[in-house]
Structure formats: structure tokens, C-alpha cells
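Below: one structure, written as C-alpha cells.
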Amino acid sequence: MQQTRIVVIGGGATGIGILRDLSMRGVPAVLLEQGGLANGTSSRFHGLLHSGARYAASDLHAACECIEENTILRRIGRHCVEEFEGLFVLTREDDPAYVAPWLAACARAGIITEEISVEEARAREPALAPDIRQVFRVPDAGVDGFRLVWHNAESARRYGGEVRTYHKVTGIESVNGKITGLTVCNTLNRESYPLACEYIVNAAGPWSGEIARLAGQRVDITPDRGTLLAFNHRFTSHIVNRLHKSADGDIFVPHGSITILGTTSAQAKNPADTTPTPEEVLRLLSLGEKLFPDVWEYRILRVFAGNRPLYTPPDHDAGRGASRNFVIVDHEQDGLAGFASIFGGKLTTYRLMAEKMTDLVCAKLGVATPCRTAGIPLAAQPARATLERAGRRLPAHGARLVAERLGDQFPKIVNAPEQDSGADLLCECEMVTRAEVELVAADPTTHFLHDIRFRTRLGMGTCQGTCCSLRAVGVLSKSGVAFAADPRTALRTFLQERWRGLRPVLWGAQAQKCEFNRALYGATLNLNGADDEAD
Amino acid sequence: MLVVGSGMAGLIAAITAASRGKSVRLAARGAGHLAVGNGCVDVLGYVDGEIVRGNPVDSISRLSGDHPYRRIGAETVAESLAFFARLCAENGFDLAGGNGENQWIPTALGSFKPTWFYTPAMNRETLSMADRIVITHMPWLKDCHADMVKACLARQRRLMSKDMYIEETAPFRAHRNLTPLAAARFVDTEAGERWLLSQLLQCLQRSSSGRRTAVLLPPILGVTRSAEIRARLSEALDADLIEMASPPPGVGGLRIRRTLLRAAAGVGVTVMENAHVVEARVQGQRCVSLVCDATGGEREVKADSFIIATGGFLNGGLVAAPGGKVCEAIFGHALPAPERTEDWTMPDMLDSQPYAKLGVQTNTRLNPITPEGDALPDNVYFAGRTLAGYDFVNEKSGMGVAIATGYHAGMNC
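Protein chains in written order, with numbering that gives the first Met the number 0: chain P, 0 to 534; chain U, 0 to 412.
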């Protein structure tokens, strides 16, 4: 029977952070993820690395954690963090009485704020509403959730950690109140197998309630759906927040070449319920226009939703009122030794959550090695010579993008032989080359086109996969990578996922885009009629 | 009269009207769907998801009553297709099909799609009859993926037993972004044709010989001289050359566009390039003029009648707004549409989509009518995708509806 010491359930930021921490402390561990890495909440948020200013007035503790982790992540995760600032903007509709206590709270948390004039703010961000009243700079930053998870995974693997994607936990076994192992189903070939272990960490985010139930335990979490809009250009260079008590539709985050507006808060029917509604979109736009009045005119790339795993003990608020702090439950107190759950929290504090969780596991196992995740970068900075070499093969901007995406694997594609450099761009929006797609496709955790999308951003730019998905499938057919689906099914699944994000926003330039997509794949290539040719 | 739009519907409308002796002006903003299309004419491939057997015109009776084909009648559709075929023949454009039943043409994905008019030899029959199929691989064209085509073709029952070879060809010049259109333009030159011949000769020599050979290519066989180039190369290689229906740029569509523009010039149609209609002047039940923003500024164009063939959401003839609203772009009529955006679409992208059928509703003469059936300006006619009632993606009927309604509008105006 296969065995390991620790099993971590959940391939989001928290789980992968725990795997890295355990691996760096020399504890053998396997991470199980039911889908691809970062396919849950960690990829379904606005990409904001909080300074803590958003929480300062309501939750000083959370604010302090944010600013501390924000500072650490800028250091260890330079590939994943975009260091632009945040602005907090008091609009016509916000209460000026909120400002003074907010400033005081920021100061207490150690968050530096600086007021700038409305004129200066509008010079920096010309699309901002002309009638705003006050603006403050804060050290918010952008973070790429996909990349953060990937770089943690790669780092963990270098320290001996193992990641198994598309592996679903179907049973948890214990003997005399002590964990002995679990039953795992490989969802790709539908084979089940037992895996023995000493300790299980439940970091399944919105699914952690279901994992706890498999162990006969209970955790108080509510999946809370947040809906976000992605626009196809970067109309702000700062993160722009409304200066008021946290509410819906009050954050704009630039991200690469796009901008994200979020969020909403509504109880989800189940952890997989991530389908946004047109009402949520209209609500976000009517809230967003307070900061950016032209927001109705901008082209929307897609709408998406994620579920926050909120900690909601009995008699407490769900939604906006629920705490954003994280919770660790040691189920030994409920009679099951070797099992702990972690949930709540924010992506910004994922590393701290992982550290605390790993501390608990190590204490149980008698491992005394201290945590080192705050000091060691996730990936090394690329050598100047490598970057220069890449710059000769790729557009200058592309070289930097690829270096950040691939981290320590970057030199592999740069040092490919000249005669087949693979430098042809498959995705012009995000500058993804053939070599990059082939490299990622060969990774043992990659099984679907969307795994390549998460890793490279192929299909996430302005074409939303219309041009590049066909090319990616074509390249994969040639490279002989065994994919989980035949070329046409792979393509159809991928396009279908993009369509899902466009259905609730089918107007303006988006409708135009959809029509083009359908014309190409339906009318010209007859992707849907593929089975009819058998006659 | 004034025709707005120079896609298939606008060009056919202008040519039809001018052939009847009308004085016709055509306001062109771009090339419409012809610039992205593959040059085949789909008339009707599917009805309610079922393959159309026999002559597609005979299946029109199975369509719902508000389909443009039903509005204008099957006879008119048949007449318009004959008109189109004649037009192509008179202008030296080589066209196959148009009789018997739909043909299945290969695509860049390795699938097949049903169509009515197509480039000679570009069908599944040619592949079925070949002993040897050579798939040219041009890695310098981003949308050309021979291995994917081969993998998909090999799943076809009637092609399974064929000898299939993938043969790589070198680029005609080094550049990061080469398109089939750039290649086709090069092949139009003598040097380009020689280059393609030598590349294909090498391809055929490398793979073992067969009695009958079919060569699958991206659409690169020239833009202006494609028929003669294909004939010469086929003879020199002793093989059938088949271009696959491919992603844009639409080399095949541009060939048709050239032909139609020449035909339009021949019957005296005047074309205003780069003209964007910004305003309609309507008095009572009649449209008096349209204001065009064109090279040299705005100008008012008066006419006795107007044919609007500005396309759908893709080309700007229809505009959708948040909250389930849609209107026609020139006259600004609000068009009937489901109130909830949820009801505009079906979960599967390639299923028949309610939003794809939104558009201008007309009477049998193609004059716009209100949902209550009252005529709006009665000297205005609509043609092509601006019309309501059909999903060209699901039905494979785009160019067919454009030709039929363009012809009908041109005959009525």
C-alpha cells in the first residue's frame, strides 16, 4: 500500500503553501487536489494583495496580518506580485466621517497612508469620477493567484513534496479515534486506491465541510459566492478602493493587460456553485460607476465567481459580516486524532495560514524544525544573460512575462536549440510561445487545456481563446502529449468554459466577440457537427 | 438607390438592383463576413440539429415561419442561388456544387462541414476516392496543424484505411507573423507559384506514390488567379489540391468579394469606400436620406430606396445593450428581445442560440415591421444577418441567407 506521513487535501494557495512548508521542514507529504491546481477560490478572486487598509477599521488584527504578509510576499514572490499602489477614494456617496477613524486604524496597524489631492489622483487615473472628494495612497499590490500557487507547488516539489492533481478523496479511515489513511480516486482513469498516512490536513476551501464529513467531523463553514468582472483593458494603473465600510463592487484591480472589478457576496448553494448571474453584473456595474463613470462602456472580457470559505460559527453572520480571519480546527478535541482543518482567511495571508497549520502538524509529529517560508523566495530571479537571450527570441515585453510565469523553469525554454526555439507565439494577447505550451503540457500535473491556461494565461487575454486554443490543441497533437481528451473535445470543453463567462454579459463588444467565436468554431469549422461525418 | 454594407448581402443586392437598370450607390464600411469567411456558400446544413438531406431548398418548408427563407419563399431562394451561380460563371469564378445535395468540405480542424457551393474538388468525395492523402504541414502558419487534421481524419470511417502522410514545407520568407493571405498573395505571383510547385513536388516525392493523390492545404492558392493556379498545379502534380476551410483571414471569402466587386462595377454600381452611416433622415413613412461619414467628411446621400445589409452583432448592424436590449444600428429601432439576459443564450455555445436569432423583423418584401406588424419606412429593405429568425452558425446558412435576401431586396426595391 502507498504511504506517506502527511496528506494535504486541496490544491489552492493554502494547501500548496502547507505542502511547501512541510517539505521545507523535511516532512514527507502528498497533496491531493480533485481538479487542477488553483481551480477553486485561489483563482477566482480579484488578484488584490491587501495592504490591510480595507480591514483596518473593522478588524485590526486582520489588517496587521495583511500588511505583514504583504511585505513578505513582495520579497519571496516577486514573480507573482505587481508592485503598484492602491488608492482609497472617498466618493460623493461615502461618509466623510469614516475617514479619520480609518486613518487612525491604519496607523495602528502599521499601514502607511498618504493623502494626495483630487487633481493629482485624477492626473494619475484620468478615468476616475470627477466628483470624488478625497484620495489616499496605500501599499496595496496585485498578485497573480494562479502563479502564486504554481510557484509554491514547484518550490514544494524541489523540497520533495508531491502533488497529485485530479485525485479526489472519497474516504477517510481511522482506527480507535486515530487517522490511518484515506481512499483516493484518480478521476482521470477512475481508479481508486488506499493511501496510508499519519496526519491529514483539510485545506479544501469551500469543500472543507464535505471533507470533514468524510471523517465524521463537522466544520462551520459557509461557501460565500463573490462575483467579479474582468474588463479587456487596463483603465487604471492603481488598485482603486472606495473609502468606506467594505461593501460590494468597490474594488478595481489592474492585472497584466486587464482590469477586474469585484465583488459581491451571497451564500452559495454548494461549493461548486460558481455561476454568476446578469443581476450581479448589473449591480457591480452600477456600483463601479461611482468610481469610474464610464464603466458601462468598457468591453467586458468575462464574468466569473469564486466561493469564499467563510468561518460561520452558530449564531454568527454570514456574508460581509463574517470574519475574514482564518481558523484552524484540531479535530483531536472532537475525538479524531491526526486530522485538522483550516479555512477562512484571505489569499494575502495564505503563507501565514500555512505556517500556523504546519506548526500544529509538526508539534503533533514531534518535528522541531522551524518555518522558513518567509525567508526563501519561491523562485530565483532570472539571470541577466538568460533574460537577454530570451529578449533576442521574444518581444522584449514577452521575455519578462515568460520569466515571471515560469520561474525556475524559464532557462529551459530560453536555452532550447536555435533551430527549434519554439519561439512562435501561439497566444498574442499574453505572449505565450509554443515552447512554453510544450513545457507546461509535459508537466505531470497537466491534463487539460485549462491547466495550460492557468499556468501560462493562454486564452485569458482579449481573444479569450478564440485564436490560441485551436493553436494550442494543434501543437499538443503534434507533440504527442497524452491529453485527457481528443483534440476536438479538448477544444470544445475549453471554449465552453469561456462561453460560460460571457453568457451573463452578452451585450456591446462582448456580443460581437461571441458572434465571431461562434462563426469560426460553429460555422467555419463545424466543431459541433463533428459526429455527423461518420455516415 | 443606396445599399449600405458590402458583405455578401449588400453586394448581391447592389448587383441585382443595378442589373434591373437601377442607379445604385453602395456604402461600404468594410468587407463584412467575406473577409473572415472561407468562400463556400452554406445554404442550409442542419434543421433543428438534423442533417439536411437532398437539395437544401427542399428543406426550407421545415423551418419556422419567421425564418428569412420562409419569408421570401423557397422559389426565390432557388432563383437567387441560380443568379449567384450565373454571376460567378460570367465573371470567371470557378464554383462547384449547387446540385444534388450538400457536400462535406474538410476544415483546418480535421472536421467536415456541409455546404452548397464550394471550390472544385474541395469535398470529402475527393478524399474518399484518393489512395493517398498528403497533408501539408506549414508550421510557419499558426493555424495550420497537420497532426491534428490527421488525427481527426483518421477517426472517419471512410478515410481510416487511407495512406495519410504529413509533409512539411518551408516558409516562403522568414517572418514571425505569416498568414495564409500573405502566402496566397505571394502564390499569385509567378515566383510564388513556382515556389509552391517545388514545395509540393518535394512533398509528393517524399511520401510513397499512389494512383490517386489528394493534397490538403491551407487556403494559399492565390487570391486573384486561384482557379488557374489550382488547375496548373493539379496537372503538374497529378493530384487534387484541396484547401481546408480555415480561420481568418478569409482568403476564399476575399476571392468572392473580388469577383462580386468586379461584377458590381460591370453593372454600374458606384462604391463609396470607408463610409459609415451615422444618421437616417425619415419623413413619415419614407426614408429620405442617410448621412454617411466617409473619407472627406459627412455627406448626405438621398435615394428613392435603401437596402440595409449591415450585418449582425459582429459587424455592427445590431447593437445589444445591458438589460436585454437590442436595436438596429442605423434607424435605432428597438427590436423585440427577451427581457432577461439569461434567456438570450443556451448553456452550450454551439447550440441554437436565441440571441443569434435576434434582428429586424420584416414583411415578405423585406420592409421592416413593428412587432405589431405595422410597416416602418416602406422604402427601406433589410438583407443578410441584420434580419431576425435564423442562427447561421447552427444551421450553416449564413451566405445562403445573405444571397437570397440580398437578391430579393434588390428585386423588390
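Glycine included, each C-beta is placed from N, C-alpha and C at the ideal position.
As computed with DSSP, T226/P is found in a beta bridge with A304/P.
Sorting D390/U, I255/U, V290/U and T309/U by C-alpha distance to the C-alpha of V300/U places V290/U at the top. Taking C-beta atoms as the reference points, V379/U and P367/U count as a pair closer than 8 Å.
When CB distances to chain P are screened at a threshold of 8 Å, the residues of the stretch 374-406 of chain U falling below it are F391, V392, N393, K395 and G397, in chain order.
For E197/P, no alpha helix (DSSP H) run applies, since DSSP gives it neither H nor E. For the pair M348/U and Q495/P, the CB atoms are nearer than the 8 Å cut-off. Following the DSSP letters along the chain, one finds A8/U inside the alpha helix (DSSP H) bounded by residues M7 to S18.
Close to H144/U, with beta-carbon spacing below 9 Å, are these residues of chain P in chain order: L469, R470, V472, G473, V474, S476, K477 and P486. Residue T3/P holds the alpha-carbon nearest to the alpha-carbon of G160/P among T276/P, R73/P and T3/P.
Each residue's CA atom was taken as its position, placing G39/P and A230/U some 56 Å apart. Sorting V392/U, L10/U, N122/U and S197/U by C-alpha distance to the C-alpha of L158/U places N122/U at the top.
Taking the Cα positions, A34/U is about 11 Å away from N314/U. Put simply, the CB of P275/P is far from chain U, with every gap to its CB atoms at 8 Å or more. Around L147/P, the same chain offers A12, G76 and C79 as residues with beta carbons nearer than 7 Å, after the five sequence neighbours per side are excluded.
Across the stretch 150-169 of chain U, CB contacts with chain P closer than 7 Å involve A150, C151, Q155 and R156, in sequence order along the chain. In the three-state DSSP reduction, R19/P falls in the helix class (H, G or I). Beta bridge pairing from DSSP links M271/U with A26/U. What A395/P touches in chain U, judged by beta-carbon distance under 9 Å, is nothing: the nearest beta carbon there is about 13 Å away. The criterion of a C-beta distance shorter than 8 Å is satisfied by I220/P and P308/P. Within the stretch 29-49 of chain U, H32, V35, G36, N37, D41, G44 and Y45 place their CB atoms closer than 8 Å to a CB of chain P, listed in sequence order. In the DSSP assignment, Y349/P falls within the alpha helix (DSSP H) that extends over Y349 to L364. In the DSSP assignment, H166/P is bridged to N185/P. Close to chain U, meaning a Cβ-Cβ distance shorter than 8 Å, is no residue of the stretch 240-261 of chain P at all. Between T135/U and V214/U, the C-beta spacing is below 8 Å.
For the pair L180/U and E189/U, the Cα-to-Cα distance works out to about 16 Å. By the Cβ neighbour-count rule, I111/P is exposed, with fewer than 16 other Cβ atoms within 10 Å of its own.
Bounds of the alpha helix (DSSP H) holding T385/P are R383 to R392. Taking CB atoms only, P55/U has no neighbour in chain P less than 8 Å away.
A residue is called buried when at least 16 other Cβ atoms come within 10 angstroms of its Cβ; P125/P does not meet this threshold and is exposed. In terms of beta-carbon proximity, G34/P stays away from the interface with chain U, with every pair separated by 8 Å or more. Where D292/U is concerned, the enclosing beta strand (DSSP E) starts and stops at R285 to A293. The criterion of a C-beta distance shorter than 8 Å is satisfied by V200/P and I5/P. Shown here, Y54/P sits in coil according to DSSP, grouped into three states, outside any helix or strand.
Check the Cα spacing between A108/P and each of C184/P, P275/P and H49/P: the tightest is with H49/P. Boundaries of the alpha helix (DSSP H) harbouring Y406/U: G397 to N411, taken from the DSSP string.
If you check the CB distance, C39/U and T125/U do not come in under 8 Å.
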